[in-house]
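What follows is a set of notes on a single structure, which appears directly below.
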Amino acid sequence: MLVYLDGTYLPRAEARVSVDDRGFIFGDGVYEVIRASGGCLFTADEHLARLERGMRGIGIPVHADCARDRLLAIAEHLLRENGLLEGEATVYVQVTRGCAPRTHHFPAPECAPTVYLSAARFTPPVQIRVVGASAITHPDIRWSRCDLKTLNLLPNVLAKQRAVEAGATEAILIRDGVVTEGASTNVFGVVGGELRTYSASNYILAGITRGVVIHLAAELGITVAERPILAEELPHVEELFITGTTTDVLPVVQLDGRPIGDGRPGPITNALGEALARRMGMGLLAHRA
Ligand SMILES: Cc1ncc(COP(=O)(O)O)c(C=O)c1O
Numbered sequence: 003m004l005v006y007l008d009g010t011y012l013p014r015a016e017a018r019v020s021v022d023d024r025g026f027i028f029g030d031g032v033y034e035v036i037r038a039s040g041g042c043l044f045t046a047d048e049h050l051a052r053l054e055r056g057m058r059g060i061g062i063p064v065h066a067d068c069a070r071d072r073l074l075a076i077a078e079h080l081l082r083e084n085g086l087l088e089g090e091a092t093v094y095v096q097v098t099r100g101c102a103p104r105t106h107h108f109p110a111p112e113c114a115p116t117v118y119l120s121a122a123r124f125t126p127p128v129q130i131r132v133v134g135a136s137a138i139t140h141p142d143i144r145w146s147r148c149d150l151k152t153l154n155l156l157p158n159v160l161a162k163q164r165a166v167e168a169g170a171t172e173a174i175l176i177r178d179g180v181v182t183e184g185a186s187t188n189v190f191g192v193v194g195g196e197l198r199t200y201s202a203s204n205y206i207l208a209g210i211t212r213g214v215v216i217h218l219a220a221e222l223g224i225t226v227a228e229r230p231i232l233a234e235e236l237p238h239v240e241e242l243f244i245t246g247t248t249t250d251v252l253p254v255v256q257l258d259g260r261p262i263g264d265g266r267p268g269p270i271t272n273a274l275g276e277a278l279a280r281r282m283g284m285g286l287l288a289h290r291a
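Quick note: the sequence shown uses my numbering, first residue 3, plus one each step.
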């Protein structure tokens, strides 16, 4: 597979970053994962806008080679050159603060960011969407700028590992007695007939899929209350689902070993899952036209 690194397209096996790269040393960078189907990128503008917000948020200068239109052109080139114009794929985009002798503070302004993009085949987990997934609850021990999609994912990595060890798909994070989000997804739940998700604050990553799902819910006449599900409400939620770029709308039917509702994906979850699948298809058709 061909990847892009700092101005060059080269085989993945030949791509090298310096041991002085601040992404390697400090996790000092931001990233995005964008979905593609039939060679068309879904909500690419939203992803690249979030990446740019993240760069500005942590003070990485937005040079011409990490400007949105440049990154979009590179992503499309990678899909083409890697034979990913058919079927499903993902594009990974990462920008770090660049290479410099190790100091905590920022390097000199001349230090150029490291820009890396790759593309890969993606197989949607179709079967699990039909039957639903299981999840565990886990303390949310992250910092208070979860709105920035930074490379610092250690708490997320540890939470997801606990989920995998428990035979579950996702870890649902609890901070101060409320559900914030998943280790790599946003969380929605139906409580007393009301669809709820944590509000877009500094304590969650405002997922691009989350935004699309809220929009689709409004179109379907379903109100989404952007207020948290309390941990103590979890045993009584009627439906639970998670959203993300590679997750789409995934029903959660078991939490900490106990069934959610009747243990099957609920009607609101299914309606939103179908609406998202339609929208992804329509978004891609519109892009082609
Ligand atoms: C912590 C976290 N929350 C939510 C999401 C979902 O975001 P998106 O829908 O933009 O993929 C992700 C995706 O990686 C994530 O890492």
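Ideal Cβ placement from N, Cα and C applies to all residues, glycine included. Model, not experiment: these values are computed from the prediction.
Three-state class that DSSP yields for S130 in the structure shown: The residue you asked about is not Ser; residue 130 is Ile in the sequence shown. Correct three-state label for I130: helix.
Span of the alpha helix (DSSP H), counted from its first residue to its last, around P13: Premise fails: P13 lies in the beta strand (DSSP E), T10 to P13, not in any alpha helix (DSSP H).
Neighbourhood of R14 by C-beta distance below 8 Å, restricted to the same chain and skipping five residues each side: M3, L4, V5 and S120
Paired residues, beta bridge with G29 - DSSP: The partner list for G29 (beta bridge, DSSP) is empty, contrary to what the question assumes.
I210 beta carbon near ligand 1 (any heavy atom closer than 8 Å): yes
Delimiting residues of the alpha helix (DSSP H) encompassing V166: L156 to E167
For A219, three-class secondary structure by DSSP: helix
When L50, P141, K151 and L150 are compared against A161, the one with the closest alpha-carbon: P141
Cβ-heavy atom distance, R52 to ligand 1, below 8 Å: yes
Closest Cα partner of R198 within the set R164, Q256, Q129 and T271: T271
E183 CB to nearest heavy atom of ligand 1 below 8 Å: yes
N-terminal and C-terminal residue of the beta strand (DSSP E) that D250 is part of: D250 to L257
Endpoints, beta strand (DSSP E) assigned at H140: A135 to P141
Beta-carbon proximity of D1 to D8, cut-off 9 Å: For the chain, the structure presents residues 3 to 291; residue 1 sits outside this window and is missing.
For L43, the residue or residues it bridges with in DSSP: A38
Assigned exposure category for R123 - 16 Cβ within 10 Å defines buried: exposed
Nearest-angstrom Cβ-Cβ length linking A137 and I174, presumed shorter than 8 Å: 5 Å
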